[in-house]
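See structure below.
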Amino acid sequence: MGIRESAMRLCDMISLTSSVNWNDSFKTALSILCGGRGHYRVVVTDDAYKVRGIISGRRALEVLLGRRGGSIRAKKGLKSLLKEPVSLFLDEAHQLFPENTTPQTILQYMAENALGYIIVVDQAGAFKGVVEEVAILSRLKGKVFNIKVEDVMSRNICAVSPNITVLDASNIMLDCRVRRLPVISPQGIIEGILTITDVLNHILKQEAYVKETLQDIDVTSALSDKVEDVMCSNVITVKQSCDVGEAIDKVLDNNVSGLPVVSEDGRVLGVVSRIDIVEKLVKAKGASAILEIMVK
Amino acid sequence: MSLRRIEDYIPIVGKGEVNSILELAERVKGAKVIHINATAYGGGVAEMLKSLVPLARSVGLNAIWQVLKGEPEFFNVTKRIHNALQGDRSANLTKDMEETYFRVNKLNAESLDLYGDVVVIHDPQPLPLINYRGDGAGKWVWRCHIDLSDPNPAVWSFTKQFIEKYDALVFSLERYIPRDLKSVKVFIEYPTIDPLSEKNIPLRQTDILKVLERYDVDPDRPIIGQVARFDPWKNPLGVIDVYRKVKEKIPDVQLLLIGSFAHDDPEGSAWYRKTVAYAGNDRDIHVLTNLDGVMDFEVNAFQRSFVVALQLSIREGFGLSVTEALWKGVPVVATRVGGIPLQVIDGVTGFLVNSLEEAAEKTILLIKRPWLARELGQYGMQHVKLNFLVTKGLKDYLRMHIELVGV
């Protein structure tokens with residue numbers, strides 16, 4: 001339903017992302033988020049496949065660090081907490097759209113509210129799929145927009161030094177409500193990037209830590225490593241003067257959710273995320289113009 | 001408060017949704033939850049509590065709602081704090097004001113029940129009650145319903161001393177969280193509306209007509225309106241400006257400005273008088289309040305009579321009046337502030353505007369094209385049904401309690 005039509009169909013933008021049943025354990029959701037397949041969020045459905053909410057990487061990290069699930073953890077321990085149903089930890093889904101919504105409506109809504117995804121449901125409320133910012137960007141690959149990266153990037157950045165612990169960096173990510181932290185030297189030169197997904201993978205990748213997690217040992221000990229040992233050192237960056245199209249290509253080619261924006265001498269000036277790009281492009285060009293570019 | 005059962009919502013949201021609520025509620029059954037806010041009526045907070053508290057009781061929580069008592073001087077101070085936290089740089093506090101704020105909260109602490117498993121304090125007025133939390137008392141939560149993303153620094157620093165003592169904070173939107181709050185447990189709970197409340201239940205056409213007749217509003221001529229407190233942030237004078245521009249093109253249009261005088265809003269009567277004076281002698285402008293007998297039922301009837309609902313706020317928390325209008329199938333013309341863009345999808349459930357001229361233009365468009373208004377209204381209703389009904393709010397609320405005291 002909607003007023004304006006476009007050549008792009010909603011089904012062309014939907015991806016069938018992973019979902020879990022709301023009675024599945026929290027650990028099941030965690031294993032999807034840490035599975036190395038690049039999932040940052042998992043949709044939670046009930047037995048009738050109706051959408052009940054979303055579990056994000058951030059929520060998973062909050063639970064592992066004891067910033068969520070506090071009462072249950074105190075009474076039953078972490079091992080039991082991980083076996084609790086995922087329905088206790090999810091975020092309610094407040095961005096559900098019926099499947100007859102136009103692509104323009106979806107694009108406009110995501111840009112207006114700086115949202116990274118919306119969930120599509122059928123008339124009975126059953127889960128049909130997710131429209132994510134990456135699906136939109138994948139149709140904008142190889143294009144030039146005549147908009148500079150500096151016009152879409154966030155200048156207000158949280159960054160960390162390479163020698164703090166992963167635990168401290170994780171808490172900074174949660175406090176600043178960001179998914180990624182540029183790791184910089186005292187001179188402000190980019191040395192790496194640490195994401196929530198990196199941290200989750202680091203916890204679960206190492207078998208010893210998994211055992212410890214399940215044996216009720218404080219997971220924070222697993223995060224005592226230094227950021228420099230866990231971060232991605234091969235940082236993909238973009239220059240502020242580049243066209244947004246170049247940033248889109250780099251995001252897609254390297255399957256990353258955002259890029260540090262650096263000066264000629266490697267100093268970090270900002271961060272540009274997939275959401276930033278979709279939001280600013282739609283605001284600058286209009287949703288219908290972006291849809292036209294997407295179908296070309 | 002009305003007695004409502006969660007099962008009553010099955011026809012609207014389905015059995016699965018209600019079962020999911022009951023499963024969550026099982027984990028916090030019997031928990032004593034005390035809500036404290038500053039007014040029993042008027043504004044979105046009282047509106048939410050009116051539904052949420054009976055619903056929480058119906059699923060097994062021992063939920064209680066208490067209202068802060070205070071003299072006008074106190075509410076002048078708290079309104080100043082409210083404005084400052086929403087960004088008013090000129091609204092600073094004197095030592096006397098701070099003293100009034102502390103004194104009234106101390107007095108209230110002596111008479112209010114503060115011993116719950118969870119104590120939920122709403123908005124800044126009762127914030128200092130945390131200082132009177134007893135030993136072994138339950139978890140304390142501050143539920144902030146306003147936008148704290150760009151507060152007056154001095155007043156923010158004053159209120160932060162209380163906020164940091166709470167066990168958890170709840171905001172309506174993620175972007176409302178101040179950047180300098182660290183290591184605090186934060187929940188995001190979108191405001192929601194109750195489809196079975198007197199303000200939102202379906203009405204018969206005859207009931208709507210009776211209300212219009214009682215207030216001398218002509219049902220055969222187009223009606224536009226805004227439901228909001230009389231408050232500079234809600235821009236009632238701007239709404240009148242828009243109406244005047246619309247009237248130039250559609251001479252028989254009528255405007256309803258509906259608000260209520262809440263206990264905690266001392267600016268309300270001054271802004272009401274200002275609005276009435278600005279309306280002048282135009283008999284097609286109706287400025288109505290609870291003092292005229294306009295209660296929930298009447299607001300419901302008026303909203304259902306609108307061709308277009310306006311919400312031209314300068315700042316907004318979430319904008320529950322927008323949710324209410326959309327739920328009634330009425331398209332909304334609104335400014336791009338607060339939670340409004342989550343509800344008003346431009347060209348789909350209404351129009352988002354950047355100026356009063358644009359608001360007038362879109363309002364005229366919708367009045368002249370009833371088929372378009374109907375289509376936007378229908379989509380708006382569906383959008384609210386999928387995303388902003390109280391059953392979702394109740395689940396968020398139960399999860400927060402499970403997090404704090406559940407098993």
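Protein chains in written order, with full-length UniProt numbering: chain A, 1 to 296; chain L, 1 to 407. Glycine included, every Cβ here is placed at the ideal spot set by N, Cα and C. Note that this is a predicted model, so its numbers are computed, not measured.
Length of the line joining the Cα atoms of residue i and residue j
i	j	result
Phe-102(L)	Ala-63(L)	26 Å
residue 432(L)	Glu-316(L)	Any property of residue 432(L) remains undetermined from this structure, which presents chain L solely from 1 to 407.
Gly-125(A)	Val-51(A)	7 Å
Met-1(A)	Glu-375(L)	Low confidence applies to Met-1(A): its pLDDT is 46, below 50, so where it sits in the model is not reliable, and the reading given next is rough at best. Rounded to whole angstroms, Met-1(A) to Glu-375(L) spans 9 Å at the Cα level.
Leu-200(A)	Lys-139(L)	29 Å
Glu-150(A)	Ser-87(A)	40 Å
Val-18(L)	Val-235(A)	47 Å
Asp-265(L)	Val-42(A)	43 Å
Cys-232(A)	Ile-193(A)	5 Å
Val-337(L)	Pro-232(L)	14 Å
Ile-172(A)	Ser-56(A)	17 Å
Val-282(A)	Leu-107(A)	8 Å
Met-153(A)	Thr-197(A)	21 Å
Val-307(L)	Val-227(L)	14 Å
Arg-304(L)	Lys-328(L)	6 Å
Leu-312(L)	Val-246(L)	15 Å
Ile-147(A)	Leu-389(L)	40 Å
Lys-385(L)	Val-13(L)	8 Å
Ile-36(L)	Ser-241(A)	52 Å
Lys-83(A)	Asn-163(A)	34 Å
Ile-121(L)	Gly-70(A)	21 Å
Glu-207(A)	Ala-222(A)	In this predicted model, Glu-207(A) has a pLDDT of only 45, less than 50, meaning its place in the structure is not dependable; the value taken from the coordinates is given anyway. Straight-line Cα distance between these residues: approximately 11 Å.
Asn-108(L)	Ala-56(L)	25 Å
Element boundaries [beta strand (DSSP E), containing residue i]
i	result
Ile-36(L)	32 to 37
Ile-54(A)	51 to 56
Phe-127(A)	127 to 132
Ile-236(A)	Per DSSP, Ile-236(A) belongs to no beta strand (DSSP E) and is neither H nor E.
Thr-335(L)	332 to 335
Leu-96(A)	96 to 98
Lys-185(L)	185 to 188
Arg-41(A)	41 to 45
Gly-350(L)	350 to 353
Gly-225(L)	223 to 227
7 Å Cβ cutoff, residue i in contact with chain L
i	result
Arg-175(A)	A small fix is needed here, since residue 175(A) is Asp in this sequence, not Arg. Chain L, which has a Cβ nearer than 7 Å to the Cβ of Asp-175(A), makes this yes.
Glu-207(A)	Any reading at Glu-207(A) must be qualified, since the residue scores a pLDDT of 45, below 50, and its modelled position is unreliable; no value is offered.
Met-1(A)	Because Met-1(A) carries a pLDDT of 46, less than 50, the predicted location of this residue cannot be relied on, and no value is offered for it.
Glu-92(A)	yes
Asn-113(A)	yes
Leu-96(A)	yes
Ser-71(A)	yes
Chain A within 7 Å of residue i, Cβ atoms only
i	result
Lys-15(L)	no
Lys-395(L)	yes
Pro-341(L)	yes
Leu-404(L)	yes
Leu-386(L)	yes
Tyr-190(L)	yes
Lys-182(L)	yes
Lys-392(L)	yes
Per-residue contacts from residue i into chain L (C-beta, under 7 Å)
i	result
Asn-21(A)	The premise fails here: Asn-21(A) is roughly 12 Å from chain L at the closest Cβ pair, so nothing lies under 7 Å.
Arg-9(A)	Within chain L, no residue comes near Arg-9(A); the closest Cβ sits about 17 Å away, beyond 7 Å.
Beta-carbon neighbours of residue i, restricted to chain A and to distances below 9 Å
i	result
Glu-174(L)	Arg-177
Check: residue i C-beta below 6 Å from any heavy atom of the ligand NAD
i	result
Gly-280(L)	The ligand NAD is not among the ligands present in this structure, which contains no ligands whatsoever.
Contacts of residue i in chain A (Cβ-Cβ under 8 Å)
i	result
Leu-312(L)	What Leu-312(L) touches in chain A: nothing, since even the nearest Cβ is about 17 Å away.
Ser-20(L)	Trp-22, Asp-46, Arg-52, Ser-87
Ile-345(L)	Thr-105, Gln-108, Tyr-109, Glu-112
residue 409(L)	A question about residue 409(L) goes unanswered here, because the residues of chain L that appear run from 1 up to 407.
Boundaries (first-last residue) of the alpha helix (DSSP H) holding residue i
i	result
His-401(L)	390 to 405
Leu-372(L)	370 to 387
Gln-343(L)	340 to 343
Ile-314(L)	Taken as a continuous stretch (DSSP letters only), Ile-314(L) belongs to no alpha helix (DSSP H), as it is neither H nor E.
Ile-193(L)	Element bounds for Ile-193(L): n/a, residue is neither H nor E.
Asn-21(A)	It is not in any alpha helix (DSSP H) - Asn-21(A) instead sits in the beta strand (DSSP E) that spans 19 to 21.
Neighbouring residues, chain L, relative to residue i (Cβ below 8 Å)
i	result
Asn-255(A)	Within chain L, no residue comes near Asn-255(A); the closest Cβ sits about 25 Å away, beyond 8 Å.
#### Entry: Sequence ranges, alpha helix (DSSP H) only - wholly within the UniProt domain "Trehalose synthase N-terminal" (35 to 177) of chain L, length at least 4
As far as the UniProt domain "Trehalose synthase N-terminal" (35 to 177) of chain L is concerned, its whole alpha helix (DSSP H) runs of at least 4 residues are 44 to 58, 72 to 85, 95 to 111, 153 to 163.
#### Entry: Those runs of the alpha helix (DSSP H) which lie wholly inside the region 112 to 200 of chain A and span at least 4 residues
133 to 138, 166 to 176
### Task
Could you pull out every unbroken alpha helix (DSSP H) segment of at least 4 residues lying fully inside the region 7 to 32 of chain L, listed in chain order?
Under the rule that a run must span 4 or more residues, the alpha helix (DSSP H) segments found entirely inside the region 7 to 32 of chain L read 10 to 13, 15 to 26.
### Query
Which ranges would you report for the alpha helix (DSSP H) in the region 226 to 284 of chain A if only whole runs of at least 4 residues count?
227 to 230, 244 to 253
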